[in-house]
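Start counting the sequence shown at 10; every next residue gets the next number (the working numbering).
Here the structure comes first, spelled out in structure tokens, and everything after it is commentary.
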Amino acid sequence: ETIVLYDRAFPSHATQKTILDEITSLDPSGRVFLQYLEASRRVLEELGPCASDLVWRRALRDIETSVSTWDDHDDDDATPEMVLSAPIRDIIKNWTFAMPNLDIGSRGFNVSPKFLRLVQILKACEPLDLDVGSRGFGLVFVSSKAVALGITDLLKALGEFRCQPLLGDETPVVQVHILSFQDVFDAIEDGTCNLLIAVQSTEDLHIPRASVVVRFSLSRGYLSHAYTYSRASLTDRHIVFMAERENNVHRHILSSLARINESILPWATRISDTSFPPLTLSDLMVVFSLDRGTEAEDSQQPCITDATTGCEIRLQDAAAVIFCLGAHLSELNPGQNKEKPRLVCVSAGPPCTFRVHLPGMPSDLSCISGPPSTSPAIARRQACFAACARLSEAGLLPYRFFPIPENRRLWKPKGLPPATDAKVAGTRMYLGRVPCFWQPLPYSPTNVLYPTIICGDYLQREAPHAPLLLLTRRPLPDIANIKLFFLGIPIVVPLQRAAPLLVNDEQLQLLHTYTIRFFRTVVNKPYTCESGKMAYFVAPLQSNFHSPVLDSSRPFDLPDIGSRLPWDAIHLASESRWVPLKYGAADMTESDVHDAAIQGHMEFIRRYEVVKVRRDLTPQSIHPNNNSMTILEFVRSKYENLPDLKDENQCILEVVKIDPWLQYASPSSRPQGGKSDSLYMIPELYAKCTFPLSVIRTGFLFPSIMENINHILLVKELNVNYFGHSVAEDLLRMAITAPSVGLAYDYERLELLGDSFLKYVSSLYVFVTEPDRSEGNLHASRRELISNNSLLHQAVRIGLPSFIQTKPFSIKTWCPPNFTREANNNNTATHQVKDSAVQSAVKQPVAAPVQSTNASTTKAKGRRKRKKKTQALWTGDSNKWLGDKTVADVVESIIGAAYLTGGKDVALRVTKDLGVCLPRVEQWSDFGRTAMAPSSKVTAKLKPGTLQAIEGVLGHKFKRPYLLAQALTHITHQGFQTSCYERFEFVGDAVLDFLVVRHIFSRNQGLSPGALTLLKGAMVSNRALAALCVCSGLHQHLLFQSAELALNISSYEKEVKRKQSEEYAAAQQEGRAPGQFWFDIDPPKPLSDVVESIMGAMCISDDFLPDGVEAIFTNLVQPFYDKHITLQTLSHHPTKVLLELLQASGCQDFEISKDNDGGSVRCDVVVHDIVLASATETNPISAARLASLWALDALEGDSTFLARTCDCRRW
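As structure tokens, this is what we get:
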């Protein structure tokens, strides 16, 4: 094995104008022939200008065909693409194509240094005998078809190799003569081809073993590395890896391949068509960062598209997907002797047939055969592709197993939208985003629906809830339990997927009608939708159905609920909005109103729940709420033309209004109005809704459940396509949710952590890449790198704002996908209300109220105008207004979420995915390789014993002790001004800031961001660090030559130690923790600087790895902070701290009330009409201070109080 390095940069004297330059100047937006534009750019980067021009020469035939087709259109109807196509064709036809020039010293050098290096490698390999008939054979793996064709064209032009391209399928991108797989292999066997240029996706084919294998494009995957070995000759073989010089990505790939599991190499050398690679799922998942290139070269291939993320599986990807799925099945029950996944050759042929065995899948999917093929390798691919298709149709192929392109950082430039004239400066409008899952697509004509059970029967509430079925057109991914809130109390709604449901046309029509009636009943609005546009259906389950408990070890065994649908009930609800109530015998009525919603004879009307059947009352009984008349007389007084009752001895129903539906997603949501009084109804005059009351109750949860599902789908889409599954989904969901949404979580805490990490990593970056710049210049470079404006531009460039959630969920405007509102709703009736103010006392009106004034008419017209705006088709969150700082804050919060998910390396990778420019740094260890540590010859000498004393205080040793000398050197130290601690202090400040935030973030779980900011400010202040420096004795080792500074340090030391003694004595006497005794003393700044510079020196000494600085923080800094700095010990007045905390949390409804009670004063801290804490003292100031202290303690102990109580930010 050999690693060959090449230079990336072209020689400065070699400048060649290309066809790509001409076309780009003609079509700057790149609208015409996008496929060839992307291929040309990719080839230019990989192979140079000569090969880039040849891309257009190959494409000329297709372009001429397109131009001739567009020429038939009228000039008036011509699009910009049609207008530009002819000039582009003429540019290509008139271009003078040059031969490849390999002389790197020539001005006509027109290939890339990488391609030149490849030619040198091939010429140096003796086994490549150029004589026809020789059996010498070389194999070059590249990343994309365009590059493979480009290398083939260049080598054929040189005339030194008999080469052929091997593409990933047998459908070429452009119309050139491409041999089939078998023809290529035959050419190798008979010697007419001695060099094969193969795309990476052909690795699993039966390519003959080659004496030379070159990885022109490196791959991260262990499986790809194994295939490289499998294609090399068993004896006298050469394997060459080409890597770019000083490219850290390539270095990390090669380092990871060096640590490959040794068991994979024997598997590679004896690879067979039936074996699965001996790799874990985590190792195999690396394969799914596939480098497909940037051109749309596989658009004509059949593919399997994931509904959640939009990722695709093509024929060449299928085997890797099945390998991942097999590894996952094997890991579900480790250590058990069970059948393993495998591939079985059914027929060796030709034709060849393979079968995929997947134990652990349902019986009908555990063994899937593919179609016959002429080649065993193609047959294996087709069997795996057939298995992927069957599993995807059954909803059993997890979305995380779909390949994702590795080039997700190659975002196209996108400018900022213009600033608006909104009241808030820096606010811009962005396009909203509908989850990929709901985007309107031509639905399959098959009647297969994918059920998800909304387990309402699991809710621990007083009122029973029925389970419901959400029937989607495509399989939903696994979604964890949905967390909702009722009056601030969390409730959990489990969701469980079920096996696909096959329905006939009649049943589908019933589900369509039932779903429309369901939404009209629950939302009380005239919604409707065509069956073909309905994204999902809703269905009930039988009354005796109980949601199943799934076996976590067999997640693919989904319950079959096809026989549990009550089709009679679905038919009844589809045909009728209500049915008459049974009256007469009390037992009959009591049975009829069980789990019933009582209503009048109208569709959009208030509904009631039966408290009990009053056997002791009849229509002739005295009304319980009005002793002056009977129940029947009371009803007649409210309605005109009421018909005579058929049964005047029927029992009476005591009812209450059904709780109004509300925003269950927010912990601060409250119902409108209080508890309703009992009402009394005559059964004969009312009807029963055809939806059971338990179904309606679960239906009230439905909008909030769907809002949660939409957010989860967006998070999955964002995580896969932007971050490659790097971030925990619950944290990512929190990171893109603004406080204005009013949920139980938002990005603010994560933003504090991400901001400190971004400061940390950017400080290290500018330090190591700008070794000669001063501290002030480093601050400027860092600000340019991570300013809010920079983060905003990067976020917009990658399209992040469309995922940010800022709007609070509104029940009133919620609408199911693709539903519309009927323009004319005929809510007919037969009776008229005399007094609309008391219409709900007995029964809703069955006719519209009489409009007697012009004012009421005007108001009704206004309502009609507002409703008219809602006639449009549902389009999701079409537009959103975001502040510039909000977008930047979300970038920081995502970085914080990434750090909590996987530590510094994952956070660094996500930082780069978000567009923050950190070239040459791919992993944390790259900082150490890039840095240039100062020489020991230019630093001051330490005092005797200083090193041992400081290492004893820090609890960690310096790998490079001379760095400690620079960390202690003040600028006044003569002769060492250029090696003072200023640059180290810059690094240490960022390190300490991050460690402090991380500490309080984990120590104070759930504490509001405002409180965290107060604590952070107290901990990283110059006064706190100076006190820490003196208390630990670090100040004694500072190197300086200034009498004034010596006097200031001496005076400060005496004063701070005096204050410390007084505070400790007072704290012991009062039985409390000591506070910030240093708060009122102004320290000399070098005392705080030296603490930060020592932290910076330790970081640099350890090659920027965090072990040393974390040890210093744990041994020295954290104990000092934990002892002196908490919310209760902040040196501000506790009332001031409390008010600052509430204001920082966005709360506006709070007060501290005082009440004189004889000789004492009672103070209450009231937040949203809730007494948070109280204290009684003889002095009002003392009472307020004590109440504030207890309120701070209560907030620290109950971290969700403000989230449950305060909804100020929503407004």
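Ideal Cβ placement from N, Cα and C applies to all residues, glycine included.
Go through its chain and collect everything with a Cβ distance to residue i's Cβ below 8 Å, but skip five positions before and after it.
i     : result
C1215 : S677, S1154, G1155, C1156, D1158, V1176 and H1177
I607  : L590, R616, Y617, E618, V619, L662, V664, M690, Y695, A696, K697 and C698
R98   : L69, I72, E73 and V76
Can you grab the Cα-Cα spacing for the pair residue i / residue j, in whole Å?
i     : j     : result
L14   : E253  : 5 Å
K26   : L227  : 29 Å
S685  : P633  : 15 Å
V622  : H474  : 21 Å
R645  : L1204 : 56 Å
V443  : F993  : 48 Å
P712  : W823  : 7 Å
S902  : R742  : 10 Å
V1006 : R706  : 44 Å
D914  : L519  : 53 Å
N658  : D596  : 14 Å
S988  : I262  : 37 Å
F643  : P476  : 39 Å
V1289 : L290  : Any question about residue 1289 goes unanswered here, given that the chain covers just 10 to 1220.
L702  : K666  : 12 Å
E784  : T978  : 15 Å
V1000 : M1104 : 7 Å
R218  : D195  : 13 Å
L761  : D1091 : 28 Å
Could you please give me the residues that DSSP links to residue i through a beta bridge?
i     : result
C172  : L204
A1203 : Paired residues: none, contrary to the question.
A548  : L478
L662  : V622 and M690
Y459  : T481
I500  : L493
C354  : F363
S382  : C361
D16   : Note: D16 sits in no beta bridge, so no partner.
I'd like the list of long-range same chain contacts for residue i, defined as Cβ closer than 6 Å, with 5 residues on each side in sequence excluded.
i    : result
P380 : Q391
V750 : Q814 and P817
F967 : L973 and S1110
L800 : A897 and V900
May I ask which residues mark the beginning and end of the alpha helix (DSSP H) holding residue i?
i     : result
F411  : Neither: F411 is in no alpha helix (DSSP H) and is coded neither H nor E.
I1134 : I1134 -> no alpha helix (DSSP H), and no H or E assigned at all.
Y1073 : A1052 to E1079
S291  : L290 to M294
S630  : No alpha helix (DSSP H) holds S630; DSSP gives it neither H nor E.
W6    : For residue 6 there is no data in the structure shown, the boundaries of the chain being 10 and 1220.
Short of 7 Å in beta carbon distance, which residues of its chain neighbour residue i, apart from the five on each side in sequence? Order them along the chain.
i    : result
K492 : P499 and V501
Y467 : P503 and S556
V183 : Low local confidence applies: a pLDDT of 39 at V183 is under 50, so the model's placement there is unreliable, and no value is given.
T318 : Y408, F411, C445, K725, E726, V729 and N730
Is there a Cβ of chain B sitting closer than 9 Å to that of residue i, yes or no?
i     : result
A1196 : Absent from the structure: chain B. Only one protein chain is present.
I need the boundaries of the beta strand (DSSP E) containing residue i, first residue and last residue.
i     : result
G147  : G147 to V151
C698  : A696 to C698
L520  : No beta strand (DSSP E) contains L520, which is instead part of the alpha helix (DSSP H) from D514 to V532.
I1179 : I1179 to E1186
D1173 : S1169 to V1176
S378  : C376 to S378
E657  : Run containing E657: none; DSSP gives neither H nor E here.
Hey, is residue i close to the ligand SAH, as in C-beta under 8 Å from one of its heavy atoms?
i    : result
L214 : For the ligand SAH, the structure offers nothing, since it holds no ligand at all.
Practice item. Any chance you could list the alpha helix (DSSP H) runs of at least 4 consecutive residues sitting entirely within the segment 944-1006, in chain order? Key: 955-963 and 971-976
Practice item. Please go through the segment 201-284 and give each complete alpha helix (DSSP H) segment of 4 or more residues, from N-terminal end onward. Key: 231-239, 257-267 and 273-278
Point to revise | Contiguous alpha helix (DSSP H) assignments of at least 4 residues, all confined to the segment 733-792 | key: 738-744 and 757-778
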